[in-house]
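Residue numbers (the numbering used here), protein chains in the order written: chain A, 427 to 855; chain B, 427 to 855. Accompanying notes for the structure given below.
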């Protein structure tokens with residue numbers, strides 16, 4: 427099989443035209459679900475599917491699938507599927523999502539040109555609104571395809587102007603019928619940019635000893651679990667001049683202890699038990715937030731993740747313990763809730779082995795790593811065997827016009843994807 | 427001299443009608459400078475001045491003064507003046523400002539009725555926009571009267587809709603001519619609510635041993651100095667899931683250390699050298715402030731106050747030292763500025779003695795304390811001898827509909843003011 431690096435690049439660069447923005451930091455794109463830029467990206471994708479002889483379908487929530495059913499395949503066999511998403515965050519990068527969509531398509535084209543004879547059909551998929559910037563918190567299309575949310579629920583979601591997903595998809599001509607069902611797939615692969623520096627550093631370490639070695643391709647072992655906690659600390663707003671130090675119940679001073687307690691707890695877990703654990707107080711708002719008023723209340727958002735659910739529980743307990751201590755020692759009142767909790771998602775052993783094998787056969791190094799970010803594959807894994815591959819991200823940057831993956835690394839990762847897909851589809855290479 | 431508690435209460439309650447708001451927590455008022463509510467409050471005040479036979483003048487920035495020049499006085503002698511302000515914060519209380527204005531007027535009426543024969547004229551003054559909620563940062567009218575700002579500068583100030591003070595005052599009929607000149611006064615007194623609990627606690631402590639003892643009246647020794655610092659901490663915004671703990675430069679975690687360092691430094695100064703010192707991180711804003719993003723930057727506002735300028739300097743240095751340490755230990759970048767700095771303002775010894783003497787003669791306990799809040803008297807003190815008296819605030823609450831001072835305490839404090847004013851004006855009681 428020959429992956430055509432130039433053809434892959436041409437697709438990603440063409441896709442980068444839709445919603446393109448020029449910034450001082452580089453070229454990015456803004457492609458929110460159901461916008462005109464999204465329509466153009468989808469139409470270009472459907473055209474490329476048809477060019478490759480794939481039959482394209484659009485489901486009720488706008489998920490697009492193009493299926494190749496070669497003569498060698500049993501048309502009634504469960505297909506293997508691969509893909510990602512074409513939407514972006516505002517001022518996002520050009521690789522996050524499109525790499526996985528067009529690498530899947532390039533894998534099919536490469537299999538066709540190599541004359542492979544897979545036993546199963548192969549589907550190339552684009553999910554709706556992975557980034558969750560308009561209608562949802564993200565992973566929208568895949569949640570419907572995996573049966574974790576009904577199409578009706580998804581279609582009724584509204585953006586901040588009251589426009590429903592239903593109306594927005596109808597508007598751009600991508601409100602189809604039926605629902606793409608991930609449970610009907612025999613296997614699912616997604617290639618995505620890593621959004622971290624582990625592959626880049628692994629490549630740099632080897633370059634130092636072996637000339638010409640590129641970055642390895644990542645094979646994800648587990649997608650992190652994610653908990654979001656909402657915390658409120660209430661003290662007493664008071665005059666910053668007339669309230670002596672000893673008579674204050676300063677909500678921000680208490681919140682500062684909480685932020686540092688959460689950080690220290692995560693560092694402890696990393697050192698003692700699970701090096702992949704992270705905990706972040708990402709948002710913090712103060713009331714009344716005036717320089718000359720002792721803060722009366724603070725609201726915070728906490729993000730806790732790990733591949734081990736146990737260490738996530740440890741971190742959540744540490745956060746609650748910190749609040750209990752602050753109530754006793756500083757006299758504040760606290761509230762704690764955990765509105766979002768998703769356990770870690772292990773990837774399919776069978777498909778991970780297929781990916782490593784594909785790397786070996788192509789002479790490409792593959793390494794195991796976890797994913798600290800959420801991906802559509804989290805949902806798909808609840809419906810069928812699923813795997814997630816990573817291409818390196820320069821400096822780990824994503825969701826930013828500075829996001830970059832070298833074209834050579836894009837092609838290298840696509841070669842691993844193509845081999846694994848062919849393997850899973852039962853094609854002898 | 428007989429201070430008429432009912433007449434004083436009637437004035438304060440009538441004034442409370444202007445801009446009145448009913449809330450769950452009590453009755454408050456919203457009287458911003460140059461609004462219709464402010465016009466009504468000013469017109470009522472001018473009527474009361476005239477009722478008492480005082481000639482009322484309005485200066486270019488809307489400061490109102492009513493002067494009593496009795497036959498006993500040399501009309502060319504420097505007058506003694508007393509007053510405060512009639513504007514409020516949004517949803518403020520009914521005592522903050524009006525107590526000082528109407529207590530000054532009641533003092534004059536009491537002196538008249540007692541047949542006192544002062545050697546100097548006595549002026550009752552209302553300054554424009556003490557609270558600084560529309561055109562300025564506060565203390566606006568007094569800054570002009572003290573020569574710390576020109577009338578032209580003040581009149582050109584705009585609210586957030588682009589309306590100038592000049593236009594707003596013209597609109598309500600209080601854009602006068604000339605400038606009230608505090609340097610022409612022989613002395614100045616302001617009675618204000620304490621906005622703290624020291625008088626209340628002193629009263630409660632004595633009630634326990636002496637039946638029927640009310641709260642004492644406060645005689646301010648020094649008005650606190652005030653420094654405002656602006657601090658920025660820059661880390662690196664990053665994906666909360668994909669960025670390991672060891673690879674973060676979390677601006678909020680660094681800012682949390684700063685908040686606690688500032689608090690600890692103030693507690694040290696209070697314990698070791700100056701118990702009146704306070705330091706507050708009152709405002710804090712995070713960017714991008716999303717639960718799933720490691721904070722990239724934090725901006726903070728710091729308020730530092732004390733009656734000893736040396737300890738204010740110590741606290742500012744401690745804040746800078748904290749930032750230096752955070753740069754070295756956490757790799758953040760920091761910025762520090764000190765856009766506002768006012769040294770402590772000692773009150774006139776002569777007038778403080780007059781206040782204590784007035785208390786003794788009326789059988790009212792007076793206690794020395796400092797003011798942690800800023801007042802118009804800060805500006806007046808740069809132009810002439812000035813004194814500040816405090817009436818107790820229930821639970822220390824102000825700038826809030828819950829603000830309250832018992833009517834008996836209002837009258838008691840007014841008796842001290844009346845005695846001190848008469849003393850300073852050279853009247854034999």
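Ideal Cβ positions, reconstructed from N, Cα and C, are used throughout, including at glycine. Please read all numbers here as calculations on a predicted model, not as lab measurements.
Contact annotation: the stretch 734–745 of chain B does not touch the stretch 724–741 of chain A, with fewer than three C-beta pairs closer than 8 Å.
Assignment of beta-bridge partners to residue 439 of chain A by DSSP yields no partner. Going by beta carbons, residue 511 of chain A and residue 519 of chain A fall outside the 9 Å limit. Look at the beta carbons and you see the stretch 806–821 of chain B not touching the stretch 676–684 of chain B: under three pairs across the two are nearer than 8 Å. Contact between the stretch 753–764 of chain B and the stretch 606–622 of chain B is absent: fewer than 3 CB-CB pairs across the two stretches fall below 8 Å. Residues of chain A whose Cβ lies closer than 7 Å to the Cβ of residue 706 of chain B are, in chain order, 666 and 720. Rounded to whole angstroms, the separation of the alpha carbons of residue 542 of chain B and residue 789 of chain B is 20 Å.
Any Cβ of chain A closer than 9 Å to the Cβ of residue 715 of chain B would place that residue at the interface, and such an atom is present. At a cut-off of 9 Å between beta carbons, residue 676 of chain B contacts chain A.
Ranked by Cα distance from residue 702 of chain A, the options A:547, A:830, A:716 and A:734 are led by A:734.
Runs of the alpha helix (DSSP H) spanning 4 or more residues and lying entirely within the stretch 706–785 of chain B occur at 735–756, in chain order. Between the alpha carbons of residue 569 of chain A and residue 558 of chain A lies a gap of roughly 12 Å.
Residue environment: residue 854 of chain A is assigned as exposed (fewer than 16 neighbouring CB atoms within 10 Å of its CB, all protein chains considered). For residue 589 of chain A, there is no enclosing beta strand (DSSP E), as DSSP marks it with neither H nor E. Interface with chain A (9 Å Cβ-Cβ cutoff): residue 711 of chain B is included.
Residue pairing from DSSP places residue 816 of chain B in a beta bridge opposite B:618 and B:644.
The beta carbon of residue 660 of chain A does not come within 9 Å of any beta carbon belonging to chain B, so the residue lies off that interface. Closest option to residue 620 of chain A, judged by alpha-carbon separation, among A:560, A:669 and A:644: A:644. Using beta-carbon distances, residue 523 of chain A does not count as an interface residue toward chain B, since no partner is under 9 Å. Pairing residue 429 of chain A with residue 624 of chain A gives a Cβ-Cβ distance that is not under 9 Å. Using a Cβ-Cβ distance cut-off of 8 Å, the stretch 658–672 of chain B and the stretch 686–703 of chain B are not in contact, since fewer than three pairs of beta carbons, one from each stretch, lie closer than that value. According to the DSSP assignment, residue 565 of chain B belongs to no alpha helix (DSSP H), since it is labelled neither H nor E.
Contact of residue 779 of chain A with chain B is not assigned, every C-beta pair being separated by 9 Å or more.
No Cβ of chain B is located within less than 9 Å of the beta carbon of residue 782 of chain A.
Taken through DSSP and simplified to helix, strand or coil, residue 487 of chain B comes out as coil.
Between residue 591 of chain B and residue 561 of chain B, the CB-CB gap stays under 9 Å. Against chain B, the beta carbon of residue 686 of chain A has neighbours under 8 Å at 679, 682, 683 and 686, listed in chain order.
Counting only the Cα atoms, residue 473 of chain B lies some 25 Å from residue 838 of chain B.
Looking at the backbone, the Cα of residue 852 of chain B and that of residue 481 of chain B are separated by about 21 Å. Apart from the 5 residues on each side of it in sequence, residue 504 of chain B sits with its Cβ closer than 7 Å to the Cβ of 546, 610, 611 and 612 in its chain, given in chain order. Sorting A:622, A:796 and A:582 by C-alpha distance to the C-alpha of residue 650 of chain A places A:796 at the top.
Closest option to residue 704 of chain A, judged by alpha-carbon separation, among B:720, B:715, B:704 and B:712: B:720. Apart from sequence neighbours up to five positions away, the residues of its chain that approach residue 581 of chain A with a beta-carbon distance below 6 Å are 591 and 592, ordered along the chain. Near chain B, meaning a CB-to-CB distance below 7 Å, the residues of the stretch 691–705 of chain A are 692, 693, 696 and 704. Ranked by Cα distance from residue 536 of chain B, the options B:478, B:555 and B:659 are led by B:478.
Contact fails between the stretch 481–495 of chain B and the stretch 431–441 of chain B, because fewer than three Cβ pairs, one in each stretch, are under 8 Å apart.
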